[in-house]
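Shown next, in structure tokens, is the structure this report addresses.
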Amino acid sequence: MNLEIEITAQPIAPRREPPEETRGRLGALAKFSGIVRAEENGQAIAALEYEAYPPMAEHVIRRIIEDIHRRHPCDWVRVAHRVGVIPVGEAAIIVEAAARHRAEAFAMLTEFMDRLKQDVPIWKRRALTAAELPAPQKP
Amino acid sequence: MTMRVLFYGHLKDVAGCAETELKLAAPADANELWRQLAGRFPEIARFRTSVRLARNCEYADADERFTDADEVALIPPVSGG
Chain U
-9 MNLEIEITAQ
1 PIAPRREPPE
11 ETRGRLGALA
21 KFSGIVRAEE
31 NGQAIAALEY
41 EAYPPMAEHV
51 IRRIIEDIHR
61 RHPCDWVRVA
71 HRVGVIPVGE
81 AAIIVEAAAR
91 HRAEAFAMLT
101 EFMDRLKQDV
111 PIWKRRALTA
121 AELPAPQKP
Chain E
801 MTMRVLFYGH
811 LKDVAGCAET
821 ELKLAAPADA
831 NELWRQLAGR
841 FPEIARFRTS
851 VRLARNCEYA
861 DADERFTDAD
871 EVALIPPVSG
881 G
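In structure tokens, the structure reads:
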């Protein structure tokens, strides 16, 4: 399995295509994006701030993906999690899974997201209102 | 050597810092680690039941032993994604 993990303060986007070496083997490519919504706990917000413990987050993500892969084999998985201030409407996480059949790819996404929310050391630190946004991100 | 201890999430606010250092006379268990941390950061002890300890980027077992050479992180409930 080809596994890519990225924890970054930069905006994230899905890959246009899986890696070239997987072409011909793949029958399914599933993508999940977790997007920052305009409300948090009933309050209107402009952004969420995330923080991570990057070396451990990458390590735990790898463990989880490898475990799921044993039951739901995928050829390629990419996990990108953004940290820092993420404005409403932008992605906090993108997970892409490519496999021979759709069942494995969907299972990878679903189970990974459940386990990420239990074990991967990444946190929503706070919600920001429009007035609290750093200057370059003000609308 | 000194043990590096990292705080994340709200624990950073409770401790008033992102990390600290502990000097252990001998390998210590989790109880001893919490005792030392509570001595320096009294407010932090009340979060013990909801916080997991990580040793060198692995969640620590209940009987884990910690040494000066370890990097320890206090992991509050996670909320990524």
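First to last, the protein sequences are chains U and E.
Counted from 1, the first sequence has number 77 at position 87 by this note's numbering; the numbering is strictly sequential.
To get this note's numbering, take the position in the second sequence, counting from 1, and add 800.
Glycine included, each C-beta is placed from N, C-alpha and C at the ideal position.
Can you tell me which residues form a DSSP beta bridge with residue i?
i, result
"residue 72 of chain U", "U/-2"
"residue 21 of chain U", "U/86"
"residue 847 of chain E", "Its beta-bridge partners do not exist; DSSP assigns none."
"residue 871 of chain E", "E/804"
"residue 117 of chain U", "U/38"
"residue 30 of chain U", "U/33"
"residue 102 of chain U", "DSSP, once it has assigned bridges, lists no residue as partnering residue 102 of chain U."
"residue 55 of chain U", "Bridge partners of residue 55 of chain U: none, in fact."
"residue 81 of chain U", "U/25"
"residue 67 of chain U", "U/-7, U/87"
Check residue i in the structure and name its three-state DSSP category.
i, result
"residue 837 of chain E", "helix"
"residue 107 of chain U", "helix"
"residue 50 of chain U", "helix"
"residue 883 of chain E", "It is not possible to answer for residue 883 of chain E, since the shown part of chain E is limited to 801 through 881."
"residue 828 of chain E", "strand"
"residue 814 of chain E", "helix"
"residue 3 of chain U", "coil"
"residue 9 of chain U", "coil"
Under the assumption that residue i contacts residue j (Cβ atoms under 8 Å), give the Cβ distance between them as a whole number of angstroms.
i, j, result
"residue 77 of chain U", "residue 36 of chain U", "6 Å"
"residue 73 of chain U", "residue 125 of chain U", "At roughly 19 Å, the Cβ-Cβ gap does not stay under 8 Å, so residue 73 of chain U and residue 125 of chain U are not in contact."
"residue 868 of chain E", "residue 801 of chain E", "4 Å"
"residue -5 of chain U", "residue 48 of chain U", "5 Å"
"residue 98 of chain U", "residue 62 of chain U", "5 Å"
Counting Cβ pairs, one atom from each stretch, are 3 or more of them under 8 Å apart for the segment 104 to 117 of chain U and the segment 36 to 53 of chain U? yes
Pairs of beta-carbons, one from the segment 60 to 74 of chain U and one from the segment 804 to 814 of chain E, closer than 8 Å: are there three or more? no
Could you say if the segment 866 to 877 of chain E and the segment 837 to 854 of chain E meet the contact criterion of at least three C-beta pairs nearer than 8 Å? yes
If you pair each beta-carbon of the segment 54 to 61 of chain U with each one of the segment 99 to 109 of chain U, do three or more pairs fall below 8 Å? yes
The segment 86 to 100 of chain U / the segment 14 to 23 of chain U touching (three or more Cβ pairs under 8 Å): yes
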